[in-house]
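Asker:
Numbering (our numbering), first residue to last: 30 to 303.
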């Protein structure tokens, strides 16, 4: 899928003066975001920055600086000798993302790209995580060498890839301006959460003890919390409000993919936490 300009970005013979100076196409912009996020590619970063800088700087001040935070492994929190952190870094540069299809939003200046990325499938470790969850909560130096964490690091290093399917909206920064995407700014975090699904697993474990209403752990936890709150504050009829909220929630998430539904319910859960 890579256009010649991005193919050039990956070439080993290019000098700094070969980096494109102007606006990238939509396809090239998508590829540049992916290359920076997954490969920390400096040529792609420079090309994307220069493209974004062609936007009106009064309307979009500092828009080119956004590329400097795309590669999450430069964050201090990820500078560690923890075996899991090292395993993530070992697998990170093998991630590849490809465009699947585009959907017009009715405006020539906005396009949604559906794409998928190959990420390690660590689902086989869930049973072990459930048994040794306390080892993953502690953050001291001793905890970093706990057997379960070492075992997870090995699984992460050797796991086969699974497909992470998601979307990103791209928009023109100003009339006739360069393509940009806010959604792509969160790709690195989304990939990291796929490789380290501990929060999702925690919700799954906690949801096992409550009534499954939607089949989505984050949603079921939210509904359970709402019902408990209703029992405390509305002891006469605690089910009516919860039932209405449940119907609305089920209708909302029914049209979403699993990841989008979980994210939506997790956000609601945080907002409505009693």
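Glycine included, every Cβ here is placed at the ideal spot set by N, Cα and C. For clarity, every value in this text was computed on a predicted model and none was experimentally measured.
Check whether the Cβ atoms of residue 144 and residue 196 sit closer than 9 Å, and answer yes or no.
Answerer: Numbered from its first residue, the chain shown carries residue 144 at position 115. Numbered from its first residue, the chain shown carries residue 196 at position 167. Cβ atoms of residue 144 and residue 196: closer than 9 Å.
Asker: Do the CB positions of residue 214 and residue 98 come within less than 9 Å of each other?
Answerer: Locating residue 214 in the chain shown gives position 185, counting from the first residue. Locating residue 98 in the chain shown gives position 69, counting from the first residue. Yes; because the gap between Cβ atoms is below 9 Å, this pair is in contact.
Asker: Can you give me the start and stop residues for the beta strand (DSSP E) that residue 139 sits inside?
Answerer: Residue numbering aside, residue 139 sits at position 110 when the chain shown is read from its first letter. Where residue 139 is concerned, the enclosing beta strand (DSSP E) stretches over 139-149.
Asker: Looking at the structure shown, is residue 80 part of a helix, part of a strand, or coil, going by DSSP?
Answerer: The count along the chain shown starts at 1 and reaches residue 80 at position 51. Residue state, collapsed to three classes: helix.
Asker: If we ignore side chains and look at the alpha-carbon of each, how far apart do residue 287 and residue 233 end up?
Answerer: In the chain shown, counting from the first residue as 1, residue 287 sits at position 258. In the chain shown, counting from the first residue as 1, residue 233 sits at position 204. Cα to Cα, the separation comes out at about 13 Å.
Asker: Residue 190 and residue 147: beta carbons closer than 9 Å?
Answerer: Residue 190 sits at position 161 when you count from the first residue of the chain shown. Residue 147 sits at position 118 when you count from the first residue of the chain shown. Their beta carbons are under 9 Å apart, which means residue 190 touches residue 147 by this criterion.
Asker: Express the C-alpha separation of residue 130 and residue 114 in angstroms, rounding to a whole number.
Answerer: On the chain shown, residue 114 is found 85 positions in, with the first residue counted as 1. On the chain shown, residue 130 is found 101 positions in, with the first residue counted as 1. Between the C-alpha atoms of residue 114 and residue 130 there is a straight-line separation of about 33 Å.
Asker: For a test of the three-state rule: what should DSSP assign to residue 97, helix, strand or coil?
Answerer: Indexing the chain shown from 1 puts residue 97 at position 68. Helix, per DSSP.
Asker: Could you spell out where the alpha helix (DSSP H) holding residue 215 opens and where it closes?
Answerer: As a first step, residue 215 is located in the chain shown; it is residue number 186 there, counting from the start. It is not in any alpha helix (DSSP H) - residue 215 carries neither H nor E in the DSSP assignment.
Asker: Apart from the five residues on each side of it in sequence, which residues of its chain come closer than 8 Å, Cβ to Cβ, to residue 164?
Answerer: Working through the chain shown from its first residue, we reach residue 164 at position 135. Result list for residue 164: 172, 175, 176, 177 and 178, in chain order.
Asker: Comparing the C-beta of residue 57 with each C-beta of chain D, is any distance below 9 Å?
Answerer: Looking at the structure shown, chain D is missing, and only one protein chain is on hand.
Asker: Given 8 Å as the limit, tell me if residue 203 has its C-beta closer than that to any heavy atom belonging to the ligand MN.
Answerer: Among the ligands in the structure shown, none appear at all, so the ligand MN cannot be discussed.
Asker: Residue 291 and residue 231 - do their beta-carbons sit closer together than 9 Å?
Answerer: Numbered from its first residue, the chain shown carries residue 231 at position 202. Numbered from its first residue, the chain shown carries residue 291 at position 262. Going by C-beta atoms, residue 231 is not nearer than 9 Å to residue 291.
Asker: Work out the CA separation of residue 198 and residue 65 for me, nearest whole Å.
Answerer: Walking along the chain shown from the start, residue 65 turns up at place 36. Walking along the chain shown from the start, residue 198 turns up at place 169. As the crow flies, the alpha-carbon of residue 65 is around 18 Å from that of residue 198.
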